[in-house]
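As structure tokens, the structure follows; a few thoughts come after it.
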Amino acid sequence: MAKQARSLRTHELVLDAAAAEFVRHGYPRANLQHVAARTGLTKGALYAHFASKEHLARALTDHLDQVVDELLARYKDTDLPANEQLRAVCCALAERVESDVRFNAALRLVMDEAQSAPEPPRLPADLRALSAESLADLALVILVGAYYTAPDPERRGLAERVRGLWEAVDGRQAVEETGAR
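Under our numbering, residues 15 to 195 are what the sequence shown spells out, in order.
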């Protein structure tokens, strides 16, 4: 039992170290020797947990998929209007970018891959399903733009910036609705 618990802790440690490496360097320049060094493992011991850099990246993107699925499920069957559902999901995603290095790394991996992929990644497709395409595109621009322009690898303050952008959009919408009457 103690060996299994230690193995699980090491597995988690490797995921966190790999996430930090992917956030910093992206997939092509990520180096498993650096991941091993961050964990204090040999490269061979690292391979006992993950067979390749691709397997590590897949574990992180699986984490992203799980988080997105949980968030969408939480807000999908509510009485909230679609734009409020989208707002809640986007703000929750921004909070994850700030607080979850694995989510942060997976987001970078997915968005980097999307630049050359023929199909859009799942995240924007899921956001589009929540609301009108233009609002989802706005949310994607906000999240990706905020993600790539944030100077800090931990993306501190991102959730607050996204909330501020939503408040600006909501305020503008309220003014437009009042003016239309």
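Just so it is clear, CB atoms sit at the ideal spot from N, CA and C, and this is done for glycine as well.
Residue 84 sits in a helix when the DSSP states are folded into three classes. In this model, residue 99 and residue 90 are separated by some 7 Å (Cα to Cα). Here residue 91 carries a coil assignment [DSSP, helix/strand/coil]. The C-alpha of residue 93 is placed about 31 Å away from the C-alpha of residue 116. A distance below 8 Å separates the beta carbons of residue 107 and residue 157. Comparing alpha-carbon positions, the option among 45, 18, 87, 171 lying closest to residue 70 turns out to be 45.
A direct Cα-to-Cα measurement between residue 95 and residue 49 gives close to 44 Å. If you ignore the 5 residues before and after residue 53, its C-beta comes within less than 8 Å of the C-beta of 24, 27, 28, 31, 60, all in its own chain and listed in chain order.
In this structure, the beta-carbon distance from residue 19 to residue 74 does not fall below 8 Å.
Collapsing the DSSP output to three states places residue 133 in coil. DSSP, reduced to helix, strand and coil, places residue 178 within a helical segment of the structure shown. Residue 85 and residue 109 have their alpha carbons spaced roughly 12 Å apart. Restricted to the stretch 18-74, the alpha helix (DSSP H) segments that are unbroken, complete and at least 4 residues in length are 46-53, 57-63, listed in chain order.
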